[in-house]
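**Student:** Per numbering that gives the first Met the number 0, the sequence shown starts with residue 0, numbered consecutively.
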Amino acid sequence: MKVLILNGPNLNLLGKREPEVYGAESFDDYLKFLRAKLPHITIEYYQSNVEGELINRLHQANDEEYQAIILNAGAYTHTSVALGDAVAGISIPVVEVHISNVMDREEFRHVSYISKHAVGVISGFGLLGYELGMHYLSIR
Ligand code: DQA
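1) Can you tell me whether GLU52 is buried or exposed? The criterion is at least 16 other CB atoms within 10 Å of its CB, across all chains shown.
2) Closer than 8 Å is the cut-off here; do at least three beta carbon pairs connect the region 0–8 with the region 56–73?
3) Could you give the residue range of the beta strand (DSSP E) that holds ASN9?
4) Name the one or two DSSP bridge partners that ILE121 has.
5) Which of helix, strand or coil does DSSP assign to ILE68?
6) Check whether the Cβ atoms of LEU33 and TYR129 sit closer than 8 Å, and answer yes or no.
7) What does DSSP give as the partner residue(s) for LYS1 in the beta ladder?
8) Could you compute how far the alpha carbon of GLU17 sits from the alpha carbon of THR76?
9) With a threshold of 7 Å on Cβ separation, who are the neighbours of VAL118 within its own chain once the five nearest residues in sequence on each side are excluded?
10) Given the structure, does VAL101 come close to the ligand DQA, in the sense that its CB is under 7 Å from one of the ligand's heavy atoms?
11) Alpha carbon to alpha carbon, how far is ILE138 from LYS36?
What follows is the structure, given as structure tokens:
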């Protein structure tokens, strides 16, 4: 199985950014752990702070052999009709992940333009959410 993890804005700062909300581990370190733990899954990773680049990567992924995408669109989750349309427009299943529990935060984070087009949403389990997404994808 080949899965793309797609992270949106500010997630390059994981480990340094609001560690009380997002934890103290960098995504690079977590990715090393995840790849070592799940050697049977080819995990590719892309992060961008630019909305259009995330959309382009989703389109590109649709022409590649990914079985699924795990998407944490960061704040674009709550603002980007275009990103939601991109998820709706591709045929690869998308699992929406959030590190924090967005429902326990500010009201503007309760809206997602992604969820309607995702196979499911994992939120509030820290970085473990990415692994839970992989687990779902392996057994579904
Ligand atoms: C986030 C939640 C978003 O509301 C926030 O803007 C992020 C990260 C999360 O993983 O908890 O950047 O997607």
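Just so it is clear, CB atoms sit at the ideal spot from N, CA and C, and this is done for glycine as well. Model, not experiment: these values are computed from the prediction.
**Tutor:** On the basis of the coordinates in this document:
1) With fewer than 16 other Cβ atoms inside 10 Å of its own Cβ, GLU52 counts as exposed.
2) yes
3) Going by DSSP, ASN9 is part of no beta strand (DSSP E) at all; its letter is neither H nor E.
4) Listed as beta-bridge partners of ILE121 by DSSP are VAL96.
5) strand
6) Cβ atoms of LEU33 and TYR129: closer than 8 Å.
7) THR41
8) 18 Å
9) Around VAL118: PRO92, VAL93 and VAL94.
10) At least one heavy atom of the ligand DQA lies closer than 7 Å to the C-beta of VAL101.
11) 16 Å
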